[in-house]
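J.: In the numbering used here, the protein residues as written are 880 to 1509. Virtual Cβ for every residue (Gly too), placed ideally from N, Cα, C.
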């Protein structure tokens, strides 16, 4: 018998099927059950419990108020002709027997109180909600509209011009005329204090006027339907191309919420979180927005991230757990603006002392940054791994310094109910119906399986198309036995700890070798002289290969050109001392003002490759024949 053990971790699990609205408002973690350990039980959530508080004005939105208003809005959406039983059924996929999409409602808003009522109202109505970033251009929003064909669209007044341009670009004239657009005046809307009866024409609060047939619960459907009915369509970040619509069922959302809370080792008395991570992104949506309803936590909403506002709000609001994208963790580790908040008083406390721990996800983060945050501020930032297509997948465990030292540049172990596997070499191209795993410790593509997986991508021709649904992109995303291909490369150890090395599509091909940009970025960011870094491959026609090139933001923006030249060579030495020769920065270093990133913190390498940023270029190597030794 072979002693080689397959790289597999996790245990299958699930939660009862239900409408997301009903699940969240059922106090699902009040009693010990399969998905709620005794230590995670949440006391009964009272009607007057503030779930969201507008940070700027202190306006609260309570548990009972958002439930009441969401049900009113749900009834009024149905009265507009949006029938939850009007379903488009897509062909079966490896993860779903037949994805179903109800009439679509699009929400394009920053984090704000109306977002909560609109989102939960659309879900309560049994409709499908799609979420779009407020930063989208008219062309990008047009793509989202074309592919999801929303019947009703909610946007901020400030974005109305962009929405109108995006609708104008739609080729279907009848559809274009039929779309209803409602606006939210994010800057001046006093909801829930302002009465709906005073709303202007086109204002979203018109849908809060008393309904003729008010709902008392979410639109019902069977537990089996919860696994096929699409609750939310998210849009992949599009770091390497146009974004894809990700269909998440009610079951997938409910499972992901339960899975997150099952592993919430930070839980103590009432949770208080900051809500600046975008709710339209899977990280903010599941870890903050939806989880707050199920746990009775209070979220202080902010429309955007501002470092000084976040720093001052942490002690004022006594924040217990801090969610952040990787760039925020880098700021906490390195920014001089943080220093006054890091200073400790005679009792050893600072502005961050209420924080039990933090979590980051969406993009890689070097372990050196985690250590610097702990040493400077006194709390542990744990790395999580997830994606729109699978929600939350893994999380580092522990809250203490010794836990931090046990991390092996990893992203933790699988969440409750999530299975992980590293694909064996050549497995994904084989015709075998059962995917086989690589050995523990071997690198390969990371595969994920759980009830939290997407049902499908939006078909290539979009929803509501007269053509037969093209599901080829979905087919390529799964193995035949239901494993999601993440596109990430990594390895598992025998304890089930996952280490991600890079993205398959982002690997730099240096002759016969593959170089992971994330590895070089972590080395560069370990320097106190570097605020941020991004690495891409540049093609060398003469050598028929790619070379790594680093784009670097200097920590000291006032450095002269001569000082940047010296810094470049210091960084060259740093990389050489920490990596194999073929990983060296033969493509040079370019000093820039900022690294382009998605809202979740992912580096937009295509923007860099397409010449989207310019700066001071420093050549580090004279490429001679000796370079053939690389």
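Taking only three categories from DSSP, how would you classify residue 1441?
T.: It is helical.
J.: I need the boundaries of the beta strand (DSSP E) containing residue 1266, first residue and last residue.
T.: It spans 1260 to 1266 - the beta strand (DSSP E) in which residue 1266 sits, taken as one unbroken run.
J.: Please give me, in chain order, every unbroken run of the beta strand (DSSP E) with length at least 3 that falls completely inside the stretch 901 to 974.
T.: Whole beta strand (DSSP E) segments, 3+ residues: 929 to 933, 939 to 941.
J.: Residues bridged to residue 1416 by DSSP?
T.: Partner(s): 1427.
J.: Excluding the 5 residues preceding and the 5 following residue 924 in the sequence, name in chain order all residues of the same chain whose CB lies nearer than 7 angstroms to its CB.
T.: Only 906, 942, 1175 meet the Cβ criterion.
J.: Looking only at its own chain, which residues have a Cβ that is under 8 angstroms from the Cβ of residue 1229, when we skip the five neighbours before and after it?
T.: So the qualifying residues of the chain are 1220, 1221, 1222, 1223, 1256, 1257.
J.: On the DSSP letters alone, give me the boundaries of the alpha helix (DSSP H) that residue 1129 sits inside.
T.: 1129 to 1141 is the extent of the alpha helix (DSSP H) around residue 1129.
J.: What whole-angstrom Cβ distance do residue 1334 and residue 1057 have, given they're in contact under 8 angstroms?
T.: Residue 1334 to residue 1057, Cβ: 26 angstroms. No contact.
J.: If we define contact as Cβ-Cβ less than 8 angstroms, is residue 952 a contact residue for chain C?
T.: Checking the listed chains, one finds no chain C in this structure; it contains a single protein chain.
J.: Compare the C-alpha of residue 1128 against each of 1420, 1268, 1483 and name the closest.
T.: Considering only alpha carbons, the answer is 1268.
J.: If you compare alpha carbons, which of 1357, 1288, 1284 is closest to residue 1263?
T.: Looking at the Cα atoms, 1288 is the closest of the given residues.
J.: Assign residue 1040 to one of two classes, buried (16 or more other C-beta atoms within 10 Å of its C-beta) or exposed (fewer than that).
T.: The residue is exposed, with fewer than 16 neighbouring Cβ atoms inside 10 Å.
J.: Determine the contact status of residue 1157 and residue 1480, defining contact as a CB-CB distance below 8 angstroms.
T.: Not in contact: residue 1157 and residue 1480 (Cβ atoms no closer than 8 angstroms).
J.: Do you know offhand how far residue 1425's Cα is from residue 1459's?
T.: The straight-line gap from Cα to Cα measures roughly 16 angstroms.
J.: Starting from residue 1164 and walking both ways along the alpha helix (DSSP H), at which residues does that stretch end?
T.: First-last for residue 1164: undefined, no H or E at that position.
J.: Within 10 angstroms of its Cβ, does residue 1025 collect 16 or more other Cβ (buried), or is it exposed?
T.: That one is buried.
J.: Roughly how many whole angstroms lie between the Cα atoms of residue 1326 and residue 1249?
T.: Distance between the alpha carbons of residue 1326 and residue 1249: 26 angstroms.
J.: Is it the case that the stretch 1028 to 1038 contacts the stretch 982 to 990, given that we only count it when at least three CB pairs across the two stretches are under 8 angstroms?
T.: With the cut-off at 8 angstroms, the stretch 982 to 990 and the stretch 1028 to 1038 touch.
J.: Measuring straight from C-alpha to C-alpha, what distance separates residue 1246 and residue 1407?
T.: When rounded, the distance between both Cα atoms is 14 angstroms.
J.: How is residue 1481 classed by DSSP in three states: helix, strand or coil?
T.: The answer is coil: DSSP assigns residue 1481 none of H, G, I, E or B.
J.: CB residue 902 to CB residue 1140, shorter than 8 angstroms?
T.: No.
J.: Would you kindly work out how many angstroms separate the C-alpha atoms of residue 1098 and residue 898, rounded to a whole number?
T.: For residue 1098 and residue 898, the distance between alpha carbons rounds to 7 angstroms.
J.: Between residue 1164 and residue 978, how many whole angstroms is the CB-CB distance? I'm expecting something under 8 angstroms.
T.: Contact flag wrong, Cβ pair sits at about 19 angstroms.
J.: Which runs of the alpha helix (DSSP H) at least 4 residues long sit entirely within the stretch 1274 to 1332? Give them in chain order.
T.: Counting whole runs of 4 or more residues, the stretch 1274 to 1332 contains the alpha helix (DSSP H) stretches 1280 to 1285.
J.: Can you tell me whether residue 1172 is buried or exposed, with buried defined as 16 or more other CB within 10 angstroms of its CB?
T.: Result: buried.
J.: Hey, residue 1233 and residue 1194: beta-carbon distance below 8 angstroms or not?
T.: Yes; because the gap between Cβ atoms is below 8 angstroms, this pair is in contact.
J.: Helix, strand or coil for residue 1404 per DSSP?
T.: Helix at residue 1404.
J.: Using CA atoms only, rank isn't needed, just tell me which of 919, 944, 1090, 956 is closest to residue 926.
T.: When each option's Cα is compared against that of residue 926, the closest is 944.
J.: Please report how far the alpha carbon of residue 1320 lies from the alpha carbon of residue 1375, in whole angstroms.
T.: Going from the Cα of residue 1320 to the Cα of residue 1375 covers about 10 angstroms.
J.: Using DSSP with H/G/I as helix, E/B as strand and the rest coil, what is residue 987?
T.: Residue 987 falls in the strand class under three-state DSSP.
J.: Just curious, the beta strand (DSSP E) that residue 1059 is in, first and last residue?
T.: Note, residue 1059: beta strand (DSSP E), 1059 to 1063.
J.: Count the other C-beta atoms from every protein chain shown that fall within 10 angstroms of the C-beta of residue 1396, then say buried if there are 16 or more, exposed otherwise.
T.: Burial call: buried.
J.: Under the assumption that residue 932 contacts residue 1177 (Cβ atoms under 8 angstroms), give the Cβ distance between them as a whole number of angstroms.
T.: Contact flag correct, Cβ pair sits at about 6 angstroms.
J.: Which of the three DSSP states is assigned to residue 1152 in this structure?
T.: The answer is strand: DSSP assigns residue 1152 an E or B state.
J.: Take the Cβ of residue 1330 as the centre, count every other Cβ of all protein chains shown within 10 Å, and call the residue buried at 16 or more, exposed below.
T.: Classification of residue 1330: buried, given that the 10 Å Cβ count is 16 or more.
J.: At 4 residues or longer, what runs of the alpha helix (DSSP H) sit wholly inside the stretch 1024 to 1096?
T.: Counting only runs of 4 or more, we get 1039 to 1047, 1052 to 1057.
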